[in-house]
Each structure stands twice: as C-alpha cells, then as structure tokens.
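Sequence lines, in order, name chains A and B.
Per my numbering, the first sequence starts with residue 1, numbered consecutively.
Per my numbering, the second sequence starts with residue 310, numbered consecutively.
Where a beta carbon is used, it is the ideal one built from N, C-alpha and C, also for glycine.
All values reported here derive from a predicted model rather than from experimental measurement.
Encoded as structure tokens, the structure appears first; notes follow it.
2 protein chains.
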Amino acid sequence: MIMRNIIQIKSPATIANLVCGFDILGLALEEPYDIMTLEVVEKPGLEIIHTDNYQLPTIPEDNVAGAALLALLDDVKNAPGLKLTVEKRIKPGSGLGSSAASAAGAVMAASKLLDHDFSNEDLVKFAMFGEKVASGVKHADNITPCLLGGVTLIRSIMPLDIVKLDAPDLHITIVHPQIEVKTSDARQILKKEVQLKMAIKQWGNIAGLVAGFMKGDHALIGRSLEDAIIEPVRSILIPGFDEVKFRSKSAGALGGGISGSGPSIFMLNKDIETAKAVEQEMKGVYTKIGIDFKTYVTKLNTEGIKIIE
Amino acid sequence: MIMRNIIQIKSPATIANLVCGFDILGLALEEPYDIMTLEVVEKPGLEIIHTDNYQLPTIPEDNVAGAALLALLDDVKNAPGLKLTVEKRIKPGSGLGSSAASAAGAVMAASKLLDHDFSNEDLVKFAMFGEKVASGVKHADNITPCLLGGVTLIRSIMPLDIVKLDAPDLHITIVHPQIEVKTSDARQILKKEVQLKMAIKQWGNIAGLVAGFMKGDHALIGRSLEDAIIEPVRSILIPGFDEVKFRSKSAGALGGGISGSGPSIFMLNKDIETAKAVEQEMKGVYTKIGIDFKTYVTKLNTEGIKIIE
C-alpha cells in the first residue's frame, strides 16, 4: 500500500566511536546533512541522480545509497520503479558518516515511501550493504545513530543488537582538516592485541560514558572521554590533533577526539558559548599550521533522519 | 562532636566483576551480611573482637577491619578509644566480598559514630587499606557497592571515580561450592594481553549492561551478561561452572557468572520464583558432583551498609 509517491528527507552526519567507544558508540548531528528525494516512477528499477559535485557512481550496485536500497527492495514484493535524487552536503572522507547518511537515508526514505514496517534492525542491516560498497566492511556504527538519532550503542553486531541511550543536550564543535585519512589505513595501523590493564581502563571509561549520557551528567561525560588504546595510534595521522584537543579542553570543552576514523575532530560542550569558543581554537590551530579546514558548531540530533516533505 | 557512643550495623556481601564488568562493576546483596558493633571505650587505641569462628587475626594492623579503621583514624583528631566487635557471617574466601564487608563496615560505622563528614571516595580509600591486608592489593570493586549499595561503577581507580547506577529490582541466586580459589591464583592465570576484537565485544557488553541497569531493561541486562575474556579462563577453577550456568539460564535466569574471583557463582533473575527455581538447579549440580555447597536466594541491596541501632 503506497501512501504517497514522493518523499524528501534530511539524512544527518554522525560521529562514530566517541573516543573510548570504538566500534560501539555513535551519535547523530543536526548539521551537516544530505538531502535525499525518493519518488515512485513509471520506469521499473532504480535510478540514482546526484545533484552534488562529488562524482560518485550512479550505477545502483556501485552507489552506497543504491546498494542499500537494493538490499531493502529484495524484501519488498512488487516494488514500484524508484528514482533517488541525492544532494550530498556531507563531504565523503570527512569522518562524519557521509556514506552512512546515504545508506541510512535511502532505506529510511524507502521504508516510509513504501509504508513498509521494517524494524530498526532490518533497516540497519539493509544500510550496511551500502557501507560495504563504501569501505568494504559492513559496519553499523554511523548507520545506527543516523537512523535512530541521539546517542546509540551497538552492543553486538552479530547478532545485531542496537540500543538508543538517553542523553542530555550537547553542543558539538567539529573541525574537518582537509586532508585524507583512509578508513582502511586507520584500521590497519591498530594493534591486534591490547594489554588487559588498558582494556580495563577503557571499559571503565565506556561504562562511565554510558552512565554519563543516561544521567545527563556532563562532568562524568567529560571525565569518561578518554581513550588510551585507539586514539594514541590514530591521532598521529591527523596533524594538529593534540593541540586541538588541548586548546579545546582549555576553552571549556567536555572532551572529544577523532570523529570516526578521522580526519575530523569533534568536541562535546555543555553550551553554545563554549562550542563557539572551541571553534575559534580549532580555527587558530589549522590557520597556524596552514591546512585548509571547515568547522561546524552544531547540536546532538535526537531524531536522526527527518522528513522534509 | 560525638552523637552516640555505640553503633551496630549490617555490612552486606557483594558481587564484584558482574561478568563482563571485570574490575569495574559490582553490586550489593541483601544477604548474607556481617554484624559489626563499634563503641567508644575509655581505653585508648583500638580493640578488635571476633565473635565468629573464622580465627581471623585481632591485632588491628593485621585485621581487615582494623587496618581500614586505622587508616580512617589517621584523619581524625583526638579520636577516642574504640572497641570493634565483628560477627562474621560472610565466609572468607567465598568470593562474596567478605573482606570488603569488614573493611567498609568498619569505616562506615566509625564515620557515623564519630559523626565525621567523610566523602564516599574517602571511605573507599580508607577501606582499601583493609583489602590490602586481605589480598595484598588495594582493590575497590567490593568495597564500593558495600558502602554505596545498588550497582556501582569504578570508572577509574587512580584518581578514584565512583558512580552509583540506577538498577531495577533483581532477585539473585548464589551457590558457594565449598572449594578454595585464591584471588591471587585467579588473577595469575589471566592473560596479560587480549585481542582487540574480543575487547570490543567486551566493551559492547559492558555498555549494554550499564544501559540495561539504568533503563531497568531485564532482557538487555541478560543479553549483556557475557564475558569472552575472563570467564573462560577462570571458570576452569570451578568444577560444575558450565553446567550451573547452562541449567540456571534454562530455568529462566537472566544470566550470571563467577562472583568476584570465585568460587561462588551468581545468577540474576527477574522474579523470586525464577530465583528459587535456579537455586534448585544449582543444588542439583553440586549434589550430583558431590561437592559441599551453600546457596542463597537474595535481592539487590540498594542501600548498602545499614544501621541496626
């Protein structure tokens, strides 16, 4: 039963990992976001149009949104012809979940347009086919917050077990230094083994971070945003990282770190004034170093993907 | 300013580790508990009397409660003479926080009796001197739930950062097979390194467990009570462990595992009927194996140490 024949959505950028929550925690941002329009058309099959300038493939199987949509359509009987128009505003390779926004946005739009009652777990699974096209790996840590909004936990990937966590208002500052960090490189340099005592430290911080979000305890969130395992290794790929972190925290940020596998760096803040002060510090660092950058001052997005019309 | 000259308290048993929460999570039990009486006496110094039959040392420096009390008294000006009478009901070496109950009970009783405004962190630190006497290590994972009640998180031991977590009603079944597992042995057999992918699995479960407690989501608590790192190694020291776990979960337990470093095994349950059914399974296993045992059917103790009079 088709209730409408066109839908337009905003699919938000997301931050995966959240410092100590490597591979399990993520959150959705108010900005930036992609705009995606999905419409029922007479021509059977799936057509993809990009109105942005990122020269992404438009063959459905090779396109992140397309591959996710095809996975969903496999589960729909008598699906109509569809046309997906994507205006990508989240720069690919930024570490802000650009491919997840495409994949999650496409499946959410289709589920609404086709009025099909998929579970959140189903939608995450379909969208993971898009992530596989993007990075070769079916990860869900950006998809989940994009779809559900707020702060999300992937307790287990197999079987998939996702949990939305309560969280207080958070103002988020991001700097995206315009350098390339490949996800595959960022994963490659990680050590395969960790010391038990470091792992224990990490799980104390993860537990503290989850408790901090759920209690709305900004100070506990800040104390828990420590990562002794991944960040020391990965941050060497991001020039200026240590200085951004130090200056941001001195300016009042609760804490933060690498967004996804980088190169973007994010900082969580209690209020907008601090978020803006942190932005000035980030600008200062990359202006001094001489690397092009883009900054965002945004908020935690509690809804995830939003229907525009 | 002394408000009273005698105080009697119940100091509860506790479960440390909570499966995936090795070294960071713990909870307090309604039963068993020690009864401790602290009174102001004319004779200066500290006298310790045990009315139980465990033949524990009564020289204050060598006694768990005594060492903790001496650490506290170091911070009190003009302390009066004190007499501590301990009726130990939590068997030493059970894995149920017997030494923590002595140490935490002693410092809580003293802080109330002397009407001294110590912080929770102060009390934990004093009590850790008692744990050092008991096991040679200043750990806090039994002390913290004993003092605070409920489910507690030690986010960081240095600096000490303790967090009490909300939790739903939980009915808890425990079996204490009467064998000896030394904490030092149980620690020795752990591998010093863990695979990153196993650590990630573990931190997903820890985050899920914290979220499950705070949401009061019994099913999520159950799914999160998995430990792929510590339990497979330590459980070999406890005959019948796998069968107890399998039969308890078949009888409806949410999940559980080794209490502290063992040999006691605990199971969390949603209701008293399940807790009692689980007890029958535990009895069945150890009767069959032919190892003496003791069982408890109890509840989460949300208050911790309680003043009797």
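With distances taken between CA atoms, A/Gln178 lies nearest to A/Ser94 out of A/Ser94, A/Pro145, A/Asn5, A/Pro80. Below the 8 Å Cβ cutoff, chain B contributes Leu505 as neighbours of A/Lys191, in chain order. For B/Lys510, the enclosing alpha helix (DSSP H) stretches over residues 505-524. In this structure, the alpha-carbon of B/Glu348 lies about 22 Å from that of B/Ser428.
Closest in alpha carbon position to A/Ala251, among A/Asp115, A/Thr274, A/Pro239, A/Leu237, is A/Thr274.
The beta carbon of B/Ala388 lies closer than 8 Å to those of Leu382, Leu423 in the same chain, with the five residues before and after it left out. Closer than 9 Å to the CB of A/Cys20 there is at least one CB belonging to chain B.
Taking a cut-off of 8 Å on C-beta distances, the stretch 148-162 of chain A touches the stretch 21-29 of chain A, as three or more cross pairs fall below it. Residue burial annotation: A/Arg155 is buried, with at least 16 other C-beta atoms found within 10 angstroms of its C-beta. Distance from the CA of A/Glu180 to the CA of A/Ser264, rounded to the nearest whole angstrom, comes to 10 Å.
DSSP, reduced to helix, strand and coil, places B/His527 within a helical segment of the structure shown. Counted as a single uninterrupted DSSP element, the beta strand (DSSP E) harbouring A/Arg155 occupies residues 151-157. Shown here for B/Ala443: same chain residues with a beta carbon closer than 6 Å to its own, the five before and five after excluded, namely Val373, Ser408 in chain order. Along the length of the stretch 529-578 of chain B, whole beta strand (DSSP E) runs at least 3 residues long occupy 564-567, 574-578, reported in chain order.
Counting every other CB atom within 10 Å of its CB across the protein chains shown gives A/Arg187 a total below 16, marking it as exposed.
B/Glu430 and B/Met417 have their C-alpha atoms roughly 12 Å apart. Residue contact with chain A for B/Asp371: absent (no Cβ-Cβ distance below 9 Å to any residue of chain A). Within the same chain, Cβ atoms closer than 7 Å to the Cβ of B/Val433 are found at Ala449, Ile452, Thr453, Leu456, Leu469, Ile471, the five residues on either side in sequence being excluded.
Taking C-beta atoms under 8 Å as the contact rule, A/Lys245 and A/Gly257 qualify, at a distance of about 7 Å. Straight across, the Cα-Cα distance linking A/Ile24 with A/Gly204 is about 15 Å.
For A/Ala167, no Cβ of chain B is located within less than 9 Å of the residue's own Cβ. At a cut-off of 9 Å, the C-beta of B/Asn610 has no neighbouring C-beta in chain A. Exclusion of the five residues before and after B/Phe331 leaves Ile539 as the residues of its chain whose Cβ lies within less than 6 Å of its Cβ.
Contact between A/Tyr54 and A/Pro92 holds, since their C-beta atoms are separated by about 6 Å, short of 8 Å. With contacts defined by Cβ atoms closer than 9 Å, B/Lys579 and B/Leu474 do not form a contacting pair. Annotation note: the stretch 372-410 of chain B contains the following uninterrupted beta strand (DSSP E) runs of length 3 or greater, listed N- to C-terminal: 390-396.
Contact of B/Val472 with chain A by beta-carbon distance below 7 Å involves Gly208, Ala211, Leu220.
Taken through DSSP and simplified to helix, strand or coil, A/Ile305 comes out as coil.
Look at B/Arg532: its C-beta is under 9 Å from a C-beta on chain A. According to DSSP, residue pairing for A/Gln8 in a beta bridge involves A/Thr37.
In terms of beta-carbon proximity, A/Arg155 lines the interface with chain B, with at least one pair separated by less than 9 Å.
In the assembly as shown, B/Arg313 is an exposed residue. Its beta-carbon has fewer than 16 other beta-carbons within 10 Å.
Boundaries of the beta strand (DSSP E) around B/Thr604: 602-608.
For B/Asn514, a Cβ of chain A is located within less than 9 Å of the residue's own Cβ. Contact annotation, A/Phe266 with A/Ile49: C-beta distance approximately 31 Å; criterion of less than 8 Å not satisfied. Residues of chain B whose Cβ lies closer than 8 Å to the Cβ of A/Met36 do not exist, since the nearest Cβ in that chain is about 30 Å away.
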